[in-house]
Amino acid sequence: MHTTLSLVLAGLFTLSCCVNAEAQTSKKTKVRPFNNTASLAYTVQTVSVKIGCFPPQLRAILSHIAAKTGRIPVVTSGFRPRSGRAHSQHRYCNAADIRVAGVSERAIIAAAQTAPGIGGIGRYCNGIVHVDVGPKRRWSYC
Numbered sequence: 010m011h012t013t014l015s016l017v018l019a020g021l022f023t024l025s026c027c028v029n030a031e032a033q034t035s036k037k038t039k040v041r042p043f044n045n046t047a048s049l050a051y052t053v054q055t056v057s058v059k060i061g062c063f064p065p066q067l068r069a070i071l072s073h074i075a076a077k078t079g080r081i082p083v084v085t086s087g088f089r090p091r092s093g094r095a096h097s098q099h100r101y102c103n104a105a106d107i108r109v110a111g112v113s114e115r116a117i118i119a120a121a122q123t124a125p126g127i128g129g130i131g132r133y134c135n136g137i138v139h140v141d142v143g144p145k146r147r148w149s150y151c
């Protein structure tokens, strides 16, 4: 009985020391605010959408669209190395198909047209708009 009581008290003492040490450490640790606004300018529809290779110009276009529409674009398609057309800008990670919740295709296109460095803009008539940094061109598959 005496041994059990000693073990319980020793365990409580050890636990209280750990809690005090953790409390002192957390008081000294400064948490810096998250300031990376570029990554907040757009999001992806699913985790399988590849956007890690987007060049700065394309990220800037997506940021511009976010600023103009007041909403965060959702990238529905990004880098596609082996699918799609032979000369697709998606193959070079220079294109994004996007949707912006609550914003019409026309408003998204209008915002994209004013983005510095914009190349192609395409409309798919299902709420998705294509933007890229390739040659200037426009199309609509409606």
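Heads up: the sequence shown is residues 10 to 151, going by our numbering.
Beta carbons are placed, not taken as given, at the ideal position from N, Cα and C, and that holds for glycine.
Cβ-Cβ distance between residue i and residue j below 9 Å
i	j	result
valine 140	glycine 129	yes
phenylalanine 88	histidine 73	no
glutamine 54	threonine 85	yes
glycine 136	serine 149	no
proline 125	alanine 69	yes
Rounded Cβ spacing between residue i and residue j (contact assumed at less than 8 Å)
i	j	result
leucine 67	asparagine 103	6 Å
tyrosine 101	proline 82	Between proline 82 and tyrosine 101 the Cβ distance is about 20 Å, and since that is not below 8 Å, they are no contact.
valine 138	proline 64	Contact flag wrong, Cβ pair sits at about 19 Å.
valine 109	arginine 147	Not confirmed; about 18 Å, so no contact.
Beta strand (DSSP E) segment containing residue i, residue limits
i	result
arginine 115	No beta strand (DSSP E) holds arginine 115; the alpha helix (DSSP H) holding it covers 114 to 122.
histidine 139	138 to 141
glycine 129	129 to 132
isoleucine 107	104 to 108
Alpha helix (DSSP H) segment containing residue i, residue limits
i	result
isoleucine 81	Isoleucine 81 -> no alpha helix (DSSP H), and no H or E assigned at all.
Beta bridge counterpart(s) of residue i as assigned by DSSP
i	result
threonine 52	Val83
serine 149	Arg132
Residue-level contact to chain C via CB, residue i, 9 Å cutoff
i	result
glycine 79	Note that chain C does not occur in the displayed structure, where there is just one protein chain.
Check whether the region 93 to 101 and the region 118 to 127 are in contact - that is, three or more C-beta pairs closer than 8 Å.
no
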